[in-house]
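**Student:** Quick one: structure below, then a few questions.
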Amino acid sequence: MIRKIFIAFVTSFSFSVAQAQTTQEQPGADLIVINAKIFTGSRAQPEASALAVKNGRIYSVGSDADILGLKNSNTETIDARSRTLIPGIIDAHIHVLNDLAYNYNVRWDGVPTLRRALTMLSEQAARTPKGQWVKVIGGWSPYQFEENRFPTLDELRSAVPDRPLIVQYAYNQAFLNKQAMEALGVGTDRFPKVPDTEFERDSRGNPTGVIHGYTWLFLALESMVPQPTFDEQVSSMVYGIHGLNRFGVTSIIDNGGRWPYPEAQARVDVLARDNRLNVRMPFVDLQLGDGGPVNMVDLEIEAITKTAPISAGQNLHPTLAHGHEYRGAGEVLSGEVHDHENFDRPAVIIEPEKMRRFVEQDVMKLVQRRIPFRMHVSYNENISPFLDALEKVNETISLDGLKWSLEHAETISPENIARVKKLGGGIALDAKMALHGDGFIRTYGRQKALETPRLRMLVDSGIPLAMTTDAFRAATFNPWVAVSWMVSGKAVSGSEILAENNRLSRTEALKLFTSGAAWFMNAEAELGIIAPGNLADFAVLDRDYFAVPEDQISSISSVLTIMDGKVVFGAQDYSALSPKLPDILPAWSPVKYFGSYHGEK
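Under mature numbering (1 follows the signal peptide of the UniProt record, and there is no 0), the letters of the sequence shown match residues -20 to -1, 1 to 581, in that order.
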């Protein structure tokens, strides 16, 4: 009897071992890309023609022959057909979670003529159901149009005669038709009383429908229009991210908005739990409160310590590295010291003592708790008192090891660049000058524009530095518009915006969207270059970025975007590899008919 039990045990054990061996991972790669012009971004191995991916990481980089030697029976092989392959683009400052009504908006990004833009409005008005609005909310510039001008109110009224219409230009001004003015209560007590709001008026003193203002005005207006359902918000996120993948974007840092933590995260959870979040999406959090003056830092500390406790660097995504990490507070840390960035108006200068008091009383709380922070500050006149106070904080509690950065910093001086570097901070620039630089010239003069920002000095300083889009409202989400401006010095209008000695090489410009941006994710050891062991994020481009004429750079897009070793976008030869998108919500969405960027459909 004992002998029978022993034989049964040995047989069972042998079967288990054999089964374990057959299910053991095969050696070799999951994915191989060959016949590529790979820009690795790595000084150790600047170029290659092939790479291999295993378990979401880059397994090996080298020649076609070397990499094909890692192929097994299950390896997927993709021929890049001599196209350029780059590390996945990282947009270190964007607002996906601020645009959860993305699918409600007509996107004028990249539209070449005002004539076409107005036709899009007319077509959308015909399909927009009663009770909904026709909206264009940022991402465009009048200087991108062949006509080089804003639409007139008569043109807008003619395009959309029977639905409320709002056309918003950055955070500078908005155009409203009669139905929109009535719905918002323009000229009545129902319209929000936001400081610095200016109405254009006709000869009789009546509002025309053109409104000028700053950030808070436009956030208030957005809260007064029809709101998307939860499912429509999730759909908006899916299609917004798809638009980013189209340009080779594989990582972003969401920089806060009207949907704070932890409320916004419920939308992300829907995609994360099904492994459908097709971009790495760390976030910083902005707590605006429920209206009226609030202490945003106190609200932030309460949210992350009491409402839904979370620590810096904690990842809310169950499987994706850097999938949805909490990266701290910002970009607005106080409404009272927010200096906006409306280049059509003079700079908003904060009273220095108010800035110093804010840093010493509120930023100090973040430093004490080792909460990373990002500070929106556009103008050097405001950067100086901010750094004055931060240096004093550093004397009391060291900033050493704490990630912090200035966001935008368009007119930062050489002296303040050195001070930020000494304090261990970074600077996340943005490309608004590419879209709105002509307005900047009218306000500040051409000479000032040519050195705004000080790109060459910033790169040469060695400070942690990224270029960003600040999309979807302040500017377009297409990073190649930014790259084109940094390299050519020209805005979308064709105007010279950057002096020749203030421009970057193509390699330098690309690095600000790859290895440079990785620092802001605290992922510089894993992202931003094509190297063994790094996360497998990369894009195959539709043209050779390093060889095309400068005027073609802004038109570059991806034909194959890989994130975490998986295809998240495919076009042209690779369309069949692209994941199928769910049906868009709502069914009348402008994105369904026009796409998210000119030329997509």
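Virtual Cβ for every residue (Gly too), placed ideally from N, Cα, C.
Tell me, which residues are paired with alanine 408 by DSSP?
**Tutor:** Locating residue 408 in the sequence shown gives position 428, where the first residue counts as 1. According to DSSP, alanine 408 bridges with Glu387, Ala446.
**Student:** Hey, how far is the Cα of alanine 516 from the Cα of phenylalanine 210?
**Tutor:** The count along the sequence shown starts at 1 and reaches residue 516 at position 536. The count along the sequence shown starts at 1 and reaches residue 210 at position 230. Looking at the two C-alpha atoms, the distance is approximately 32 angstroms.
**Student:** Rounded to whole angstroms, what is the Cα-Cα separation between residue 585 and lysine 491?
**Tutor:** Nothing about residue 585 can be reported from this structure: the residues present for the chain run from -20 to 581 only.
**Student:** In the structure shown, what three-state DSSP assignment does lysine 115 receive?
**Tutor:** Taking the first residue of the sequence shown as 1, we reach residue 115 at position 135. DSSP places lysine 115 in strand when its eight states are reduced to three.
**Student:** Confirm, please, whether the CB-CB distance from tryptophan 120 to leucine 145 is below 8 angstroms.
**Tutor:** What you label residue 145 is simply residue 165 of the sequence shown in a count that begins at 1. What you label residue 120 is simply residue 140 of the sequence shown in a count that begins at 1. No, these two residues do not count as a Cβ contact at 8 angstroms.
**Student:** Using the Cα positions of phenylalanine 526 and arginine 486, report the straight-line distance between them to the nearest angstrom.
**Tutor:** On the sequence shown, position 546 is the one that residue 526 refers to. On the sequence shown, position 506 is the one that residue 486 refers to. Computed Cα separation, rounded: 7 angstroms.
**Student:** Going by the CB atoms, is the gap between glycine 193 and aspartate 169 shorter than 8 angstroms?
**Tutor:** Sequence index remark: in the sequence shown, residue 169 carries index 189 (1-based). Sequence index remark: in the sequence shown, residue 193 carries index 213 (1-based). Their beta carbons are not under 8 angstroms apart, which means aspartate 169 does not touch glycine 193 by this criterion.
**Student:** When we look at the beta-carbon of arginine 422 and count the other beta-carbons within 10 Å, is it buried (16 or more) or exposed?
**Tutor:** Within the sequence shown, the letter at position 442 stands for residue 422. By the 10 Å Cβ count, arginine 422 comes out exposed.
**Student:** Whose C-beta lies closer than 7 angstroms to the C-beta of valine 347 among residues of the same chain, with five residues either side of it excluded?
**Tutor:** In the sequence shown, counting from the first residue as 1, residue 347 sits at position 367. For valine 347, where only same-chain residues beyond five positions count, the Cβ hits under 7 angstroms are Val373, Ile377, Leu379, Leu382.
**Student:** I'd like to check one pair, valine 467 with leucine 415: are the Cβ atoms closer than 8 angstroms?
**Tutor:** The residue given as residue 415 occupies position 435 in the sequence shown. The residue given as residue 467 occupies position 487 in the sequence shown. Against a cut-off of 8 angstroms, the Cβ pair of valine 467 and leucine 415 comes out as no contact.
**Student:** Out of Leu565, Leu445, Asp531, Ile564, state which residue places its alpha-carbon closest to the alpha-carbon of histidine 73.
**Tutor:** Numbered from 1 along the sequence shown, position 93 holds the residue referred to as residue 73. Ranking the options by Cα distance to histidine 73, first place goes to Leu445.
**Student:** Sorted by chain position, which residues of the same chain lie with C-beta nearer than 7 angstroms to glutamate 127's C-beta, five sequence neighbours on each side aside?
**Tutor:** Counting from one through the sequence shown, the residue named residue 127 turns up at place 147. Only Thr93, Leu94 meet the Cβ criterion.
**Student:** DSSP three-state call for proline 570: helix, strand or coil?
**Tutor:** Mapped onto the sequence shown, residue 570 falls at position 590. Here proline 570 sits in helix by DSSP.
**Student:** In terms of residue numbering, what span does the beta strand (DSSP E) encompassing glutamine 153 cover?
**Tutor:** The residue labelled residue 153 in the question sits at position 173 within the sequence shown. Unbroken beta strand (DSSP E) run through glutamine 153: 153 to 156.
**Student:** Would you list the residues sitting across from lysine 17 in a DSSP beta bridge?
**Tutor:** In the sequence shown, residue 17 corresponds to position 37, counting from 1. Paired residue(s): Thr64.
**Student:** What does the alpha-carbon distance come out to for the pair glycine 575 and lysine 581?
**Tutor:** Walking along the sequence shown from the start, residue 575 turns up at place 595. Walking along the sequence shown from the start, residue 581 turns up at place 601. Going by the C-alpha atoms only, they are around 6 angstroms apart.
**Student:** To the nearest angstrom, report how far apart alanine 451 and proline 7 are at their CA atoms.
**Tutor:** Position 471 of the sequence shown, counting from 1, holds the residue named residue 451. Position 27 of the sequence shown, counting from 1, holds the residue named residue 7. Roughly 42 angstroms separates the two Cα atoms.
**Student:** So, under 8 angstroms CB-CB, leucine 565 and asparagine 78 are touching, yes? Tell me the CB distance rounded to an integer number of Å.
**Tutor:** Residue mapping note: residue 565 aligns to position 585 of the sequence shown, counting from 1. Residue mapping note: residue 78 aligns to position 98 of the sequence shown, counting from 1. With a Cβ gap of about 19 angstroms, leucine 565 and asparagine 78 do not count as contacting.
**Student:** Quick check on the DSSP output: what are the complete alpha helix (DSSP H) runs of length 4 or more inside the stretch 74 to 109, in order along the chain?
**Tutor:** 94 to 107
**Student:** Tell me which residues share the same chain as proline 570 and place their Cβ nearer than 6 angstroms to its Cβ, disregarding the 5 neighbours each side in the sequence.
**Tutor:** By one-based count along the sequence shown, residue 570 stands at place 590. So the list reads Val86, Gln104, once near-sequence residues are dropped.
**Student:** When DSSP labels each residue in this structure, what does glutamine 294 get in the three-state scheme?
**Tutor:** Within the sequence shown, the letter at position 314 stands for residue 294. Correct three-state label for glutamine 294: coil.
**Student:** Taking only three categories from DSSP, how would you classify leucine 11?
**Tutor:** Along the sequence shown, one-based indexing puts residue 11 at 31. Note: leucine 11 maps to strand in three-state DSSP.
**Student:** Taking methionine 466 as part of the alpha helix (DSSP H), name the residues at either end of that continuous run.
**Tutor:** For this step, residue 466 is matched to residue 486 along the sequence shown. Here the alpha helix (DSSP H) through methionine 466 covers 459 to 468.
**Student:** Secondary structure at arginine 130, three-state DSSP: helix, strand or coil?
**Tutor:** Against the sequence shown, residue 130 aligns to sequence position 150. Position check: residue 130 holds phenylalanine in this sequence, whereas arginine was assumed. For phenylalanine 130, the secondary structure class from DSSP, reduced to helix, strand or coil, is coil.
**Student:** Which partner residues does aspartate 182 have in the DSSP bridge list?
**Tutor:** For the purposes of this step, residue 182 is identified with residue 202 of the sequence shown, where counting begins at 1. None, per the DSSP bridge assignment.
**Student:** Would you mind sorting leucine 561 into buried or exposed? The rule is 16 or more other CB atoms within 10 Å of its CB.
**Tutor:** Here residue 561 refers to the residue found at position 581 of the sequence shown. Under this definition leucine 561 is an exposed residue.
**Student:** How should lysine 34 be labelled, buried or exposed, when 16 other C-beta atoms within 10 angstroms of its C-beta is the threshold for buried?
**Tutor:** Residue mapping note: residue 34 aligns to position 54 of the sequence shown, counting from 1. Taking all protein chains in view, the Cβ of lysine 34 is crowded by 16 or more other Cβ atoms within 10 Å, so the residue is classified as buried.
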